[in-house]
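**Q** Residue 30 is where the sequence shown starts when you use the working numbering, and the numbers rise one by one after that. Before anything else, here's the structure in question.
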Amino acid sequence: MDPNLDFEPYVTLRTEVDRLFETVRSRHADLVRCRLGCDDCCNAVFELTLVEAAYVHFAFQSEAPRTERRKALRKADRSQEQLRTLYLKTRERPISKSELCLEIARARVECPLHHEHRCLLHEHRPVTCRVYGIPTVVHGKGVTCGKSGFEPGVAYPTVNLDGIQNKLFILSRDLIAGAGRPVPADITYSMAQALHGEIGCG
């Protein structure tokens, strides 16, 4: 990983996302049930933009203890195989993109960073992890954690994750441009790929 990569714009966006989460939690404290030991989000399937994957890899290498890194990388290999099996199943029959997203959202694959009901890189976790417990818009549809108290059909403050994703793609493009790497900015990565450093700007 290039030590000169500029992550400051990404960290700024991540801080803004944290503020959005706290705004919703302050208004609906009884409905946001995120707490220490709650790890439903740690089994959700989602991908990382390039800037997120690069940042996670940097934090993993620089802050996680060596023994924990080894364990996480072994788990990463297992999770990648589970994801491969999941994606192969979705290709067995023709389905729409929205159906594909729904099927993947229903799947459960443990994050390699999940260890004893905590995240090894909690401070550096990706954007999706940070908003998981509040209402979001994903691919144009409302989504929320099943363990929260938010009810379908009721109007709540909602975070537009699609808009944030677009900003992440822009930050990925800028990161690539700064590193001088000819890699498409809209490619996404699994957490396993991020931990192994299998990304295009290293």
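Built from N, CA and C at the ideal position, the CB exists for glycine as well. For clarity, every value in this text was computed on a predicted model and none was experimentally measured.
Relative to the alpha-carbon of Gly162, which residue among Gly175, Glu152, Ala88 has its alpha-carbon at the smallest distance?
**A** Gly175
**Q** When the Cα atoms are used, what is the spatial distance from Leu65 to Cys148?
**A** 10 Å
**Q** Is the beta carbon of Leu150 closer than 9 Å to that of Ser219?
**A** no
**Q** Is the beta carbon of Val166 closer than 9 Å to that of Asp203?
**A** no
**Q** Would you say Asn72 and Cys140 are within 9 Å of each other, going by their C-beta atoms?
**A** yes
**Q** Compute the beta-carbon to beta-carbon distance between Leu34 and Ala88, rounded to the nearest angstrom, for a pair I have assumed lies under 8 Å.
**A** About 12 Å; that fails the 8 Å criterion.
**Q** Quick check: what's the CA-CA separation for Leu60 versus Asp68?
**A** 16 Å
**Q** Assuming Gly192 is part of the alpha helix (DSSP H), what are its boundary residues?
**A** 190-208
**Q** Looking at the unbroken beta strand (DSSP E) that takes in Val172, where does it start and where does it end?
**A** Looking at the DSSP string, the run of the beta strand (DSSP E) that includes Val172 is 170-172.
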